[in-house]
């Protein structure tokens with residue numbers, strides 16, 4: 183299984199970036215995976231939200247191929263960790279298609295990226311900062327892989 | 183408003199501990215608050231789950247006074263960030279009672295602590311590691327306080 187994580191720009195909060203690395207290194211011992219920081223809109227005020235999201239959507243689209251796409255979306259489907267792990271496992275045992283997770287910048291994802299997604303995932307009913315969402319996603323992917331591979335993982 | 187956070191032991195993962203400090207320092211600029219690491223059961227195998235949870239429950243009980251208690255519990259109530267912020271605000275404008283958040287160790291909280299709680303909160307349908315839960319809780323409390331105080335906070 184190949185997993186990819188796409189999101190605009192490198193994570194800025196130092197501690198969140200360290201944690202991102204922490205979970206990523208663990209995932210990497212279990213599957214082939216990469217994090218791809220895509221083009222980030224810079225220097226634009228939040229009132230240009232449409233423009234920001236369009237620039238970032240174009241950056242993401244450059245890397246969205248024929249993969250199975252799971253977008254993080256706060257109105258997406260909530261799942262238990264067990265259900266999430268079953269979703270990943272079903273992709274694993276089926277097609278050889280890589281699974282690509284796509285998460286937005288601070289304004290979220292453009293409509294057209296959400297439409298392209300094969301699955302929209304909500305991590306919680308609560309809204310997490312976009313950088314914290316990346317970390318929670320990686321932790322859940324790591325947890326899922328340990329379930330699939332039957333390894334133990336701290337609760 | 184006084185906020186307290188009780189959980190068994192100091193957070194061990196270095197990056198999660200750094201993040202805990204990051205959000206805690208921000209919360210502390212807005213309200214009076216403290217993190218109280220309570221007694222942690224050490225050196226006991228997981229098969230002694232009942233004993234571990236009892237030792238940790240006793241540690242928590244020493245610090246649970248007449249506060250309004252919100253326990254983290256995966257079968258608790260899920261809320262949006264807006265609803266969570268309204269819950270905190272209602273405590274703020276009402277009684278002068280401190281609000282105390284209680285989170286468990288790696289086995290969770292003993293039944294009697296959950297029964298004592300005034301409110302049981304689930305952060306997600308997903309299961310987060312107990313140390314990540316602490317960080318997500320602090321981030322949500324910080325987010326709520328910025329909403330209540332009308333400050334801006336990164337999405």
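Protein chains in written order, with the numbering used here: chain U, 183 to 337; chain S, 183 to 337.
Beta carbons: idealized from backbone N, C-alpha and C, even for Gly.
Here the structure is a predicted model, which is why all the values come from computation and not from measurement.
For residue 199 of chain U, same chain residues with a beta-carbon under 6 Å away, outside a window of 5 residues either side, are 193 in chain order.
The C-beta distance from residue 284 of chain S to residue 291 of chain S rounds to 7 Å, short enough to meet the 8 Å contact threshold. Taken in chain order, the whole alpha helix (DSSP H) runs of length 4 or more contained in the stretch 248-322 of chain S are 263-275, 293-298.
Assignment of beta-bridge partners to residue 216 of chain S by DSSP yields S/186. Closest option to residue 299 of chain S, judged by alpha-carbon separation, among S/212, S/223, S/259, S/309: S/259. Residue 223 of chain S sits in coil when the DSSP states are folded into three classes, being neither helix nor strand.
For residue 197 of chain S, the neighbours in chain U by C-beta distance under 7 Å run, in chain order, 197, 200, 201, 204.
Contacts with chain U (Cβ-Cβ distance below 8 Å) from the stretch 283-307 of chain S involve 288, 289, 290, 305, 306, 307, listed in chain order. In the three-state reduction of the DSSP assignment, residue 194 of chain S falls in the coil class, being assigned neither a helical nor a strand state. For residue 234 of chain S, the three-state secondary structure derived from DSSP is helix.
Contact between residue 318 of chain U and residue 255 of chain S is absent: CB atoms are separated by about 18 Å, not below the 8 Å threshold.
Using a CB distance cut-off of 7 Å, residue 184 of chain U does not count as an interface residue toward chain S.
No Cβ of chain U is located within less than 7 Å of the beta carbon of residue 243 of chain S. Look at residue 211 of chain S: its C-beta is not under 7 Å from any C-beta on chain U.
Rounded to whole angstroms, the Cβ separation of residue 197 of chain S and residue 214 of chain U is 24 Å, and the two are not in contact under 8 Å. Considering only beta carbons, the part of the stretch 254-267 of chain S lying closer than 7 Å to chain U consists of 260, 261, 262, 263, 266, in chain order. Within the stretch 310-324 of chain S, the residues whose Cβ lies closer than 9 Å to some Cβ of chain U are 310, 311, 312, 313, 314, 317, 318, 321, 322, listed in chain order.
Between residue 301 of chain S and residue 237 of chain S, the CB-CB gap reaches or exceeds 7 Å. A direct Cα-to-Cα measurement between residue 207 of chain U and residue 331 of chain S gives close to 38 Å.
When S/205, S/248, S/232, S/265 are compared, the shortest CA-CA separation from residue 307 of chain U is found for S/265. If you draw a straight line from the Cα of residue 247 of chain S to the Cα of residue 288 of chain U, it is about 40 Å long. With a threshold of 16 other beta carbon atoms within 10 Å, residue 326 of chain S meets it and is buried.
Around the beta-carbon of residue 227 of chain U, fewer than 16 other beta-carbon atoms lie within 10 Å, marking it exposed.
Taking all protein chains in view, the Cβ of residue 219 of chain U is surrounded by fewer than 16 other Cβ atoms within 10 Å, so the residue is classified as exposed. Its Cα nearest to that of residue 245 of chain U, the residue U/188 stands out among U/183, U/188, U/305, U/297. U/221 is the residue among U/296, U/221, U/261 whose C-alpha sits nearest the C-alpha of residue 191 of chain U.
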